[in-house]
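Undergrad:
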Amino acid sequence: MVDIGLEAYRFSISWSRLIPNGRGPVNPKGVQYYNNLIDELISHGIEPHVTLHHSDLPQALDDEYGGWVNQKIVKDFTAYADACFKNFGDRVLYWTTMNEPNVFILGGYDIGFLPPQRCSTPFGVNCSRGNSSTEPYMAAHYTLLAHASAARLYKKMYQDKQHGYIGINVFAYWFVPLTKTIEDELATQRAMDFYFGWVLNPLVFGDYPDVMKKIVGSRIPIFTSLESQSVRGSFDFIGLNYYNTLNIKDYSSTLKMETRDFMADSAIKISLSNDSLGPARTVGIYQGKLWQSSYIYPRKWSTDSTQFIFGGLGAGEIFARAHPIFA
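Residues in the sequence shown are numbered consecutively from 26, following our numbering.
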């Protein structure tokens, strides 16, 4: 990193390495490991950026109460975050609570190809436990509450002394209508609300997008007034990991299904290319109009003080070759 001139390095702390059972005593060897890493980075002029959760929930908490589908996770995550702020906050100025919650939730609680591999047929892969119709929404809800709880703790107890910043990181695509039909235009807006608004709308406005509440109905949890106030504005920045541009086609027929998961609820069909628009393209600094458009939609969820940080800019043809299911 020194040789190539990196000025910052974002890494994640392993919850299990720091607190092996998910709650309780902090492991001194875990603290020492991260102290050594942070000190080494700083000694070479590299700013440490720390992520608290990157899809590595302690197994003990999953075994005990199901992890992110149980409200108990909010208290346990906050205690873990507190240990991190207390031990490392004197040198770490940038904190990300969650890395791509919209990915680890769908992968872990709907489709089941990521830990903890909870899902239900016919939506998931090799499902032995879970409920793809309800658990993604429960997991997202408690993830947002856990983020807000940790962020509020940092702002109340540490920010004035440590002078740092705290936020959350979201997985992002740029969506383009497959055709110019009103159905595909509306489907593209719906895709934005389901994939981005699911996380961003509560953070900025304190509630889920209206289209999600209408379609998902009683399966999506309701924020209490206090929860809404806690989640709203609980960030100094929002990170967007942008990967690719995808084409969206309306697939409203899925709404007729008696049992639906997140994908069926979103009622869209995703593809990488079409004849009229050409291959879906990676947004980059050399594709001016498309690059500028990637900033337009986040404004829906922004205020004058919202700071968006774009990272992971694009996968392009490599993504298309690696994921032929989208082609």
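Don't be surprised by glycine CBs; every beta carbon is placed ideally from N, CA and C.
Spatial neighbours of S253 within its chain, please: C-beta separation below 8 angstroms, excluding the five flanking residues on both sides.
TA: P227, G231, D232
Undergrad: Quick check: the Cα distance between Y276 and V128, rounded to an integer number of angstroms?
TA: 21 angstroms
Undergrad: DSSP on P349, reduced to helix/strand/coil?
TA: With a pLDDT of only 38 at P349, under the threshold of 50, the placement of this residue in the model should not be trusted; the figure read from the coordinates follows. Look at P349 here: in three-state DSSP terms it is helix.
Undergrad: Please determine, among N269, Q96, H172, the residue with the shortest C-alpha to C-alpha distance to A197.
TA: N269
Undergrad: In this structure, what does DSSP give as the bridge partners for F1?
TA: What is shown of the chain runs 26 to 352, which leaves residue 1 out entirely.
Undergrad: Note down, one range per segment and in chain order, each beta strand (DSSP E) of at least 3 residues found wholly within the region 163-237.
TA: Scanning the region 163-237 for uninterrupted beta strand (DSSP E) segments of 3 residues or longer gives 190-202, listed from N- to C-terminal end.
Undergrad: Out of T159, Y167, G70, which one is the CA nearest neighbour of T249?
TA: Y167
Undergrad: Give me the Cα-Cα distance between P246 and G222, rounded to the nearest whole angstrom.
TA: Whole-angstrom Cα-Cα distance: 15 angstroms.
Undergrad: How many whole angstroms separate the CB atoms of S41 and D81, which I take to be in contact at a CB cut-off of 8 angstroms?
TA: 7 angstroms
Undergrad: Does the beta-carbon of G30 have 16 or more other beta-carbons within 10 angstroms, so that it is buried, or is it exposed?
TA: exposed
Undergrad: Start and end of the beta strand (DSSP E) containing V75?
TA: 72-78
Undergrad: Which residue from I293, D286, I38, L297 puts its Cα closest to that of L131?
TA: D286
Undergrad: Touch check for the region 135-150 and the region 201-209: three-plus C-beta pairs under 8 angstroms?
TA: Too few Cβ pairs lie closer than 8 angstroms, so no.
Undergrad: Would you say the beta carbon of G91 comes nearer than 6 angstroms to a heavy atom of the ligand GTP?
TA: As far as ligands go, the structure on display features none, and thus does not contain the ligand GTP.
Undergrad: If you count every other CB in all the chains shown that lies within 10 Å of the CB of N60, and 16 or more means buried, which is it?
TA: exposed
Undergrad: For the 8 angstroms Cβ check, are there 3 or more pairs between the region 136-144 and the region 110-127?
TA: no
Undergrad: According to DSSP, is S253 helix, strand or coil?
TA: helix
Undergrad: Name the residue from Y34, L169, A106 whose alpha carbon lies nearest to the alpha carbon of M182.
TA: A106
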